[in-house]
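Novice: Residue numbers for the sequence shown follow the working numbering, beginning at 73 and rising by one.
Every residue, glycine too, gets a C-beta built ideally from N, C-alpha and C.
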Amino acid sequence: MLTQSELASLSKGDAIDHFLLVKKSDLRLTKQNKEYLSLELADKTLSVQSNLWDDVKNFLNIKNNIKTGSVVKVKGQLDEYQGAPQIKISEIRLAEEQDNVTPQDFIPRSARDPEEMKTEFRNRIKKIQNPYLNKLLKNVFTDERFDKYTIAPAGKLWHHNYISGLIEHTLEIIRICDLMCDIHPELNRDLLIAGAMLHDFGKIEELSFDSAFEYTDKGKLLGHIVIASIIVNEEINKIKDFPDDLKMNLIHLILSHQGKLEHASPVVPKTLEAITLYHADELSAKVNAYKLTLQSEVKQNSRWTKYINLAGTDLYSHDLEDFSQTENKTLFD
73 MLTQSELASL
83 SKGDAIDHFL
93 LVKKSDLRLT
103 KQNKEYLSLE
113 LADKTLSVQS
123 NLWDDVKNFL
133 NIKNNIKTGS
143 VVKVKGQLDE
153 YQGAPQIKIS
163 EIRLAEEQDN
173 VTPQDFIPRS
183 ARDPEEMKTE
193 FRNRIKKIQN
203 PYLNKLLKNV
213 FTDERFDKYT
223 IAPAGKLWHH
233 NYISGLIEHT
243 LEIIRICDLM
253 CDIHPELNRD
263 LLIAGAMLHD
273 FGKIEELSFD
283 SAFEYTDKGK
293 LLGHIVIASI
303 IVNEEINKIK
313 DFPDDLKMNL
323 IHLILSHQGK
333 LEHASPVVPK
343 TLEAITLYHA
353 DELSAKVNAY
363 KLTLQSEVKQ
373 NSRWTKYINL
383 AGTDLYSHDL
393 EDFSQTENKT
403 LFD
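1) The alpha helix (DSSP H) with V359 in it runs from where to where?
2) Measuring CA to CA, which of P341, N309, A266 is closest to F213?
3) Which value, in whole angstroms, describes the spacing of the CA atoms of H335 and E354?
4) Between the alpha carbons of D151 and P157, how many angstroms are there, rounded?
5) Once the 5 residues before and after Q407 are set aside, which same chain residues still bring their CB inside 6 Å of it?
6) State the DSSP-derived secondary structure class of N123, mapped to helix, strand or coil.
7) With DSSP as the reference, identify every bridge partner of S280, one or two as the case may be.
8) Near P225, which residues of its chain fall below 7 Å by C-beta distance, leaving aside the five closest residues on each side in sequence?
9) Is D313 buried or exposed, if buried means 16 or more other CB atoms sit within 10 Å of its CB?
10) Within 10 Å of its beta-carbon, does Y350 have 16 or more other beta-carbons around it, so buried, or fewer, so exposed?
11) If we ignore side chains and look at the alpha-carbon of each, how far apart do G148 and K275 end up?
12) Among N381, M252, Y153, N373, which residue has its Cα nearest to the Cα of A346?
13) In this structure, how does DSSP classify P157 when only helix, strand and coil are distinguished?
14) Under the assumption that L113 contacts V94 (Cβ atoms under 8 Å), give the Cβ distance between them as a whole number of angstroms.
15) Runs of 4 residues minimum, wholly inside the region 241-283: which ones carry the alpha helix (DSSP H) assignment?
16) Whose CA, out of D386, L382, R375, lies closest to the CA of L392?
17) Given a threshold of 16 other Cβ atoms within 10 Å of its Cβ, counted over all protein chains shown, does Y153 qualify as buried or as exposed?
18) What are the start and end residues of the alpha helix (DSSP H) that includes E112?
19) Go ahead and label F395 buried or exposed: buried means 16 or more other beta carbons lie within 10 angstroms of its beta carbon, across all protein chains shown.
20) Tell me whether T377 sits in a helix, a strand or coil according to DSSP, three-state version.
21) Rounded to a whole number of angstroms, what is the C-alpha to C-alpha distance between I161 and N123?
22) Note down the Cα distance separating A183 from H256, rounded to an integer number of angstroms.
23) Give a yes or no on whether the C-beta atoms belonging to I311 and L208 are separated by under 8 Å.
24) Could you please give me the residues that DSSP links to T385 through a beta bridge?
25) So what does DSSP say about I177, is it helix, strand or coil?
26) Out of curiosity, what's the CA-to-CA distance linking L264 and L166?
27) Go through its chain and collect everything with a Cβ distance to D126's Cβ below 7 Å, but skip five positions before and after it.
28) Answer yes or no: do N211 and E307 have a C-beta to C-beta separation smaller than 8 Å?
29) With DSSP as the reference, label R184 as helix, strand or coil.
30) Along the chain, where does the beta strand (DSSP E) that runs through A87 open and close?
31) From what residue to what residue does the alpha helix (DSSP H) around Y234 run?
32) For R165, write down the residues that DSSP places opposite it in a beta bridge.
33) Please classify L294: does DSSP put it in a helix, a strand, or coil?
34) If we call anything under 8 Å between Cβ atoms a contact, is K96 one with F178?
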């Protein structure tokens, strides 16, 4: 079992003597036309940039054999560049069999119990009263697909980017959508919840998650929205007399759930359910992303993170006591 200090617990100047997962490796040239590797190295708590220069011992072997998903043993020092942590490498080698270390040792996982989430998801399908939607969901979430769905991350970088992140993200959205249906009875609850369950379903084929999270060829060429729409359309066509209007409205939820054309939605939300799903998706994703960023990116001796490109701002970490949550419970407790 891997036992080493977490990267997120280290400070500038601390020694690095760690096994780390290679999340990215790019061979580049300096202004003097010398080769170097631009690396992104990670454990479960933090991803850190690093440059491997050609004067470091073992550079040629690493250059020729390293790849995304490799595990390396790194020695050096935690440094900082433009406000972000960076590893200054003095020694590096590829992990060997006798090290008894695998890429799975470095993949973060949901804090929620996977079996608990599976049960909650299945029970929510049972509550779908529309017979066509109920049958569709059961047909889509076959054992094999459901197994992948409950392991997949919801994203590569920004939010719920850990094993079982996709089902965790979906369950959050379902809770938000159910609440909105209580507030606005004009919403079609079965349609909205079915859309929530299916909106990111294509990510089981868009992403690979055996080691470092990467986009598959299919994911790069089609994207999860198109993948999900194709699968759902195929499954609907297998159900006798599935209403055309229901089909059109459900697929619209999948196609429009990212809200804007510039965010890769083929269409913008045009129904009450679609606008609800879009904002529920945004809320779940943004809160999770900001939370993870504040946990890992706050600068030393500061309450501020670096500037976060995906957020469009730096983030502030306060220490205000929350008197309303004396037992620190969540909606899922």
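Specialist: So, from the listed chains and residues:
1) 344-368
2) A266
3) 12 Å
4) 6 Å
5) Outside the shown range of the chain, which is 73 to 405, sits residue 407, and nothing can be said about it.
6) strand
7) E286
8) H232, N233, Y234, I235, G237, L238, L279, F281, F285
9) exposed
10) buried
11) 36 Å
12) M252
13) strand
14) 6 Å
15) 261-270, 275-278
16) R375
17) exposed
18) Note, E112: premise wrong, no alpha helix (DSSP H); beta strand (DSSP E) at 107-114.
19) exposed
20) strand
21) 7 Å
22) 32 Å
23) yes
24) I380
25) The identity of residue 177 in the sequence shown is Asp, whereas the question assumes Ile. Here D177 sits in helix by DSSP.
26) 48 Å
27) K106, E107, Y108
28) yes
29) coil
30) 87-101
31) Segment: none, Y234 is in no alpha helix (DSSP H) and carries neither H nor E.
32) K145
33) coil
34) no
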